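Inspection log for the structure reproduced underneath, given as structure tokens.
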Amino acid sequence: MPSNTPPGKPRVLSGITATGKLTIGNYIGALSVWAQEQDKHENYFFIADLHALTVPENIKANDLREHIKQIVALYLACGLDPEKSVLFQQSRVPAHATLGWIFDCVTPIGWLERMTQYKSKSQNATPSAGLFTYPALMAADILLYQATYVPVGDDQRQHIEIARDIAQRFNHLFGEVFRMPEPMIRTSGARIMGLDDPTVKMSKSTAQTRDGHAIALLDPPAKIRKAVMRAVTDSGSEVRPDALSPGVDNLLTLFGALSGIDRDEALRRFEGRRYGELKKEVAEVTIERVTAIQDRYHEIRSDETYLEKTLADGAEKASETAEQTFTEAMRSTGLL
Ligand code: TYM
Numbered sequence: 040m041p042s043n044t045p046p047g048k049p050r051v052l053s054g055i056t057a058t059g060k061l062t063i064g065n066y067i068g069a070l071s072v073w074a075q076e077q078d079k080h081e082n083y084f085f086i087a088d089l090h091a092l093t094v095p096e097n098i099k100a101n102d103l104r105e106h107i108k109q110i111v112a113l114y115l116a117c118g119l120d121p122e123k124s125v126l127f128q129q130s131r132v133p134a135h136a137t138l139g140w141i142f143d144c145v146t147p148i149g150w151l152e153r154m155t156q157y158k159s160k161s162q163n164a165t166p167s168a169g170l171f172t173y174p175a176l177m178a179a180d181i182l183l184y185q186a187t188y189v190p191v192g193d194d195q196r197q198h199i200e201i202a203r204d205i206a207q208r209f210n211h212l213f214g215e216v217f218r219m220p221e222p223m224i225r226t227s228g229a230r231i232m233g234l235d236d237p238t239v240k241m242s243k244s245t246a247q248t249r250d251g252h253a254i255a256l257l258d259p260p261a262k263i264r265k266a267v268m269r270a271v272t273d274s275g276s277e278v279r280p281d282a283l284s285p286g287v288d289n290l291l292t293l294f295g296a297l298s299g300i301d302r303d304e305a306l307r308r309f310e311g312r313r314y315g316e317l318k319k320e321v322a323e324v325t326i327e328r329v330t331a332i333q334d335r336y337h338e339i340r341s342d343e344t345y346l347e348k349t350l351a352d353g354a355e356k357a358s359e360t361a362e363q364t365f366t367e368a369m370r371s372t373g374l375l
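Here the numbering used here runs 39 ahead of the position in the sequence shown, where the first position is 1.
Here's what the structure looks like:
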């Protein structure tokens, strides 16, 4: 085990890419878990702004600035407490990018070519080199902090596996520096599907071009109600456990996750009831949760000084932790 294994509570690290409006999928799969588990761990949560540049065609400077502020305010509004969790912006801790480069150099191209996210995202735009090497930067994000657990949605599982492979390869080449992180993935709600197409994951980038695809955490209630009531189900009309289509299953998962029961319990509650009733209750429970988040969000956004202070303090604390591992990595390669 590397000598810089953190003592005390297990360390947790995770982040969200600053590419658009956060969705209920981001909340259920990631943010709600971070907030709930906050007391059990030493926590580092960041805004992955460098990752947002991997599709530069989608970036406008003002939007990126706004997304960064929005995300940190939503972190706070969803219950992350700066006394218990270090909240920071990735680019303010330059060791991420430097270690990312070192990992680019130890990662075989074949590993990157196998990444499903790259395969799907590179089909549309002219793929950038950054999109291709994204997993090496993500490995740096995780390994710099010697994180024990990485709470994420199901779509990030492969990225955590490659981070483990990169840690192992680096340790083999240069000596034991990095510890192996474990994914922390909830059993139900780790993959919320698109409301307009329940065969694809709900995603904040898809939401930018498709109305009715996602619920954004900052959407007004009327918009949420409309999106849920129009959610794609199937040709049936009532919930039947022996014939659950992906759309109905997704609505049950949403209901369960937002009302604190598991999906099977949600299924029992709606068995035999009409899709329209299920949708109505999903809309209500969603609106109730996001309204509470939005109230806190608007309060937080009205104090820009507080937001900036949160980011400045977070960068300082994160840098302090990152520096220890970073120095060790630099020494073991001979760069230092
Ligand atoms: P991102 O920004 O795509 O998503 C942020 C988090 O939300 C989860 N998530 C979902 N969970 C359930 N259902 C969904 N439909 C859904 N959509 C998104 C994601 O799994 C994720 O946990 N590469 C990462 C950001 C990142 C990161 C890291 C995460 C960069 N470095 C280091 C952890 C550790 C990403 O783009 O997530």
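A virtual CB, placed ideally from N, CA and C, is assigned to each residue, including glycine. Quick caveat, the model's predicted, so the values are computed rather than measured.
Problem - ligand 3 heavy atom lying under 7 Å from the CB of T56 - result: Of the ligands one can find in the structure shown, namely ligand 1, none is ligand 3.
Practice task
Helix, strand or coil for M241, going by three-state DSSP, please let me know.
Solution key: In the sequence shown, counting from the first residue as 1, residue 241 sits at position 202. Coil, per DSSP.
Practice task
Name the one or two DSSP bridge partners that K82 has.
Solution key: Translated into positions along the sequence shown, residue 82 becomes position 43. Looking at the sequence provided, one finds Asn at residue 82 rather than Lys. DSSP, once it has assigned bridges, lists V51, S124 as partnering N82.
Exercise for the section: Would you mind giving the Cβ-Cβ distance between V189 and M223, rounded to the nearest angstrom? I have them listed as a contact below 8 Å. Expected result: If you number the sequence shown from 1, residue 189 lands on position 150. If you number the sequence shown from 1, residue 223 lands on position 184. With a Cβ gap of about 6 Å, V189 and M223 count as contacting.
Practice task
List the whole-angstrom C-beta distance separating S161 from L170, where the pair is believed to meet the contact cut-off of C-beta under 8 Å.
Solution key: Position 122 of the sequence shown, counted from the start, is the residue given in the question as residue 161. Position 131 of the sequence shown, counted from the start, is the residue given in the question as residue 170. Rounded to whole angstroms, the Cβ separation of S161 and L170 is 6 Å, and the two are in contact under 8 Å.
Handout entry: C144 versus P174, P133, M154, residue with shortest Cα-Cα distance
Key = In the sequence shown, counting from the first residue as 1, residue 144 sits at position 105. Out of P174, P133, M154, P174 has the C-alpha closest to the C-alpha of C144.
Exercise for the section: Report all residues from its chain with a CB closer than 7 Å to the CB of A164; omit the five preceding and five following residues, and keep chain order. Expected result: The count along the sequence shown starts at 1 and reaches residue 164 at position 125. Only V94, E96 meet the Cβ criterion.
Practice task
Report the rounded CA-to-CA distance for R153 versus T172, giving the unit in angstroms.
Solution key: Numbered from its first residue, the sequence shown carries residue 153 at position 114. Numbered from its first residue, the sequence shown carries residue 172 at position 133. About 12 Å.
Exercise for the section: Please check the pair A112 and I300, which I expect to be a contact at CB under 8 Å, by giving their CB distance rounded to whole angstroms. Expected result: Numbered from its first residue, the sequence shown carries residue 112 at position 73. Numbered from its first residue, the sequence shown carries residue 300 at position 261. 29 Å between Cβ atoms; not a contact.
Exercise for the section: Quick one: give me the first and last residue of the alpha helix (DSSP H) that Y345 is part of. Expected result: Sequence index remark: in the sequence shown, residue 345 carries index 306 (1-based). Note, Y345: alpha helix (DSSP H), 343-372.
Problem - Proximal residues to D204 (C-beta, below 7 Å), its chain only, five neighbours per side dropped - result: Here the question's residue 204 lines up with position 165 in the sequence shown. For D204, where only same-chain residues beyond five positions count, the Cβ hits under 7 Å are W150.
Handout entry: For Y157 and D194, the rounded distance between their alpha carbons
Key = Numbered from its first residue, the sequence shown carries residue 194 at position 155. Numbered from its first residue, the sequence shown carries residue 157 at position 118. The straight-line gap from Cα to Cα measures roughly 12 Å.
Problem - G68: CB within 7 Å of a non-hydrogen atom of ligand 1 - result: Within the sequence shown, the letter at position 29 stands for residue 68. It does: the Cβ of G68 is within 7 Å (strictly closer) of some heavy atom of ligand 1.
Handout entry: A87 CB to nearest heavy atom of ligand 1 below 7 Å
Key = Walking along the sequence shown from the start, residue 87 turns up at place 48. For ligand 1, at least one heavy atom lies less than 7 Å from the Cβ of A87.
Problem - E267: first and last residue of the uninterrupted beta strand (DSSP E) it sits in - result: In the sequence shown, residue 267 corresponds to position 228, counting from 1. Note on residue identity: the sequence assigns Val, not Glu, to residue 267. Not the beta strand (DSSP E): V267 falls in the alpha helix (DSSP H), residues 260-268.
Problem - Sequence-distant residues of its chain with Cβ nearer than 7 Å to S274 (five each side left out) - result: Here residue 274 corresponds to residue number 235 of the sequence shown, with the count starting at 1. Here the set comprises nothing.
Problem - Three-pair Cβ contact test at 8 Å for the segment 246-254 versus the segment 228-238 - result: Here the segment 246-254 lies against the segment 228-238, with 3 or more beta-carbon pairs under 8 Å apart.
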